[in-house]
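Colleague: Just so you know, the sequences run in chain order D and B. Counting from 1, one number per residue, gives the positions in the first sequence under my numbering. Counting from 115, one number per residue, gives the positions in the second sequence under my numbering. I'd like to ask you about the structure that follows.
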Amino acid sequence: EAQVTQNPRYLITVTGKKLTVTCSQNMNHEYMSWYRQDPGLGLRQIYYSMNVEVTDKGDVPEGYKVSRKEKRNFPLILESPSPNQTSLYFCASSLSVRGGHGYTFGSGTRLTVV
Amino acid sequence: AQSVSQHNHHVILSEAASLELGCNYSYGGTVNLFWYVQYPGQHLQLLLKYFSGDPLVKGIKGFEAEFIKSKFSFNLRKPSVQWSDTAEYFCAVNANTDKLIFGTGTRLQVFP
Numbered sequence: 001e002a003q004v005t006q007n008p009r010y011l012i013t014v015t016g017k018k019l020t021v022t023c024s025q026n027m028n029h030e031y032m033s034w035y036r037q038d039p040g041l042g043l044r045q046i047y048y049s050m051n052v053e054v055t056d057k058g059d060v061p062e063g064y065k066v067s068r069k070e071k072r073n074f075p076l077i078l079e080s081p082s083p084n085q086t087s088l089y090f091c092a093s094s095l096s097v098r099g100g101h102g103y104t105f106g107s108g109t110r111l112t113v114v
Numbered sequence: 115a116q117s118v119s120q121h122n123h124h125v126i127l128s129e130a131a132s133l134e135l136g137c138n139y140s141y142g143g144t145v146n147l148f149w150y151v152q153y154p155g156q157h158l159q160l161l162l163k164y165f166s167g168d169p170l171v172k173g174i175k176g177f178e179a180e181f182i183k184s185k186f187s188f189n190l191r192k193p194s195v196q197w198s199d200t201a202e203y204f205c206a207v208n209a210n211t212d213k214l215i216f217g218t219g220t221r222l223q224v225f226p
């Protein structure tokens with residue numbers, strides 16, 4: 001089944017403790033992206049990647065890191081999480097954003113930073 | 115900068131009522147337009163998209179949307195909603211860049 005897999009689904013952590021949210025897709029998509037979803041603000045892009053070893057900042061990249069060492073994986077790293085990063089995070093992949101293919105989304109990771 | 119506006123933040127309807135959710139974007143060139151739906155506790159799923167051709171696009175579950183280029187709009191419609199349509203709806207646009215820009219979403223509640 002074609003899908004984007006995120007782990008974990010739920011995570012509660014303390015301020016300053018490094019964490020990684022994994023994302024993997026099995027569709028051979030070149031494009032991958034991370035979004036955060038907050039009430040009233042919709043989805044805001046954190047980082048995206050056009051291909052292996054190519055990553056770019058989205059609209060809200062501060063406090064986050066990503067890497068794209070393999071085509072299928074695009075982990076999101078919070079080196080020193082803070083409470084304002086409490087949010088619902090979605091990973092997405094696409095065959096081609098400019099080509100009108102849209103995204104396939106993962107199931108989301110609800111992160112709480114206390 | 116490109117932006118997407120969804121003016122209806124919260125819509126409440128009774129079953130069988132007709133639905134129209136507004137979506138406007140700011141970009142004068144070629145665009146790809148999308149509507150996504152997020153059911154409670156779930157991830158976003160594609161409802162329909164406009165890439166080119168017929169501006170009236172039909173999607174899943176009886177939804178349709180009309181691209182009106184002169185109005186920079188891509189409104190979502192359904193003639194008769196059901197309780198199971200209760201969800202949050204997001205409009206998104208790609209304007210020949212490497213990003214998909216989302217609106218802030220419209221929460222739809224349908225009561226039996």
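Cβ coordinates follow ideal geometry from the N, Cα and C atoms, glycine included.
Apart from the five residues just before and just after B/E202, which ones in its own chain have a Cβ nearer than 6 Å to its Cβ?
Modeller: Result list for B/E202: Q152, G219 and R221, in chain order.
Colleague: Measuring CB to CB, does B/D212 end up less than 8 Å from D/R98?
Modeller: Closer than 8 Å, so yes.
Colleague: Given a cut-off of 8 Å on the beta-carbon distance, is the pair B/N138 and B/F204 in contact?
Modeller: In this structure, B/F204 does not lie closer than 8 Å to B/N138 by Cβ.
Colleague: In terms of residue numbering, what span does the beta strand (DSSP E) encompassing B/V151 cover?
Modeller: N146 to Q152 is the span of the beta strand (DSSP E), which, as asked, contains B/V151.
Colleague: Beta-carbon separation of D/F74 and B/L158 under 8 Å?
Modeller: Contact: no.
Colleague: Between the alpha carbons of D/T86 and D/T112, how many angstroms are there, rounded?
Modeller: The straight-line gap from Cα to Cα measures roughly 5 Å.
Colleague: Establish whether the CB of D/Q3 and some CB of chain B are separated by less than 8 Å.
Modeller: False, the Cβ-Cβ gap to chain B never drops below 8 Å.
Colleague: How many angstroms separate the CA atom of D/N7 from the CA atom of B/E178?
Modeller: Taking the straight line joining both Cα atoms gives about 34 Å.
Colleague: Just verifying my parser: in three-state terms, what is the DSSP assignment at D/N26?
Modeller: Coil.
Colleague: Beta-carbon within less than 6 Å of B/I126's beta-carbon, same chain only, minus the 5 sequence neighbours each way: which residues are those?
Modeller: Cβ neighbours of B/I126 beyond the five flanking positions: Q223.
Colleague: Hey, does D/Q45 have any beta-carbon neighbour from chain B nearer than 8 Å?
Modeller: D/Q45 counts as touching chain B.
Colleague: Taking 8 Å as the CB-CB cut-off, is B/N210 touching chain D?
Modeller: Yes, because at least one Cβ of chain D sits closer than 8 Å to the Cβ of B/N210.
Colleague: Is any beta-carbon of chain B found at less than 8 Å from that of D/L41?
Modeller: So, interface residue.
Colleague: Check whether the Cβ of D/G99 lies closer than 7 Å to any heavy atom of the ligand MN, and answer yes or no.
Modeller: For the ligand MN, the structure offers nothing, since it holds no ligand at all.
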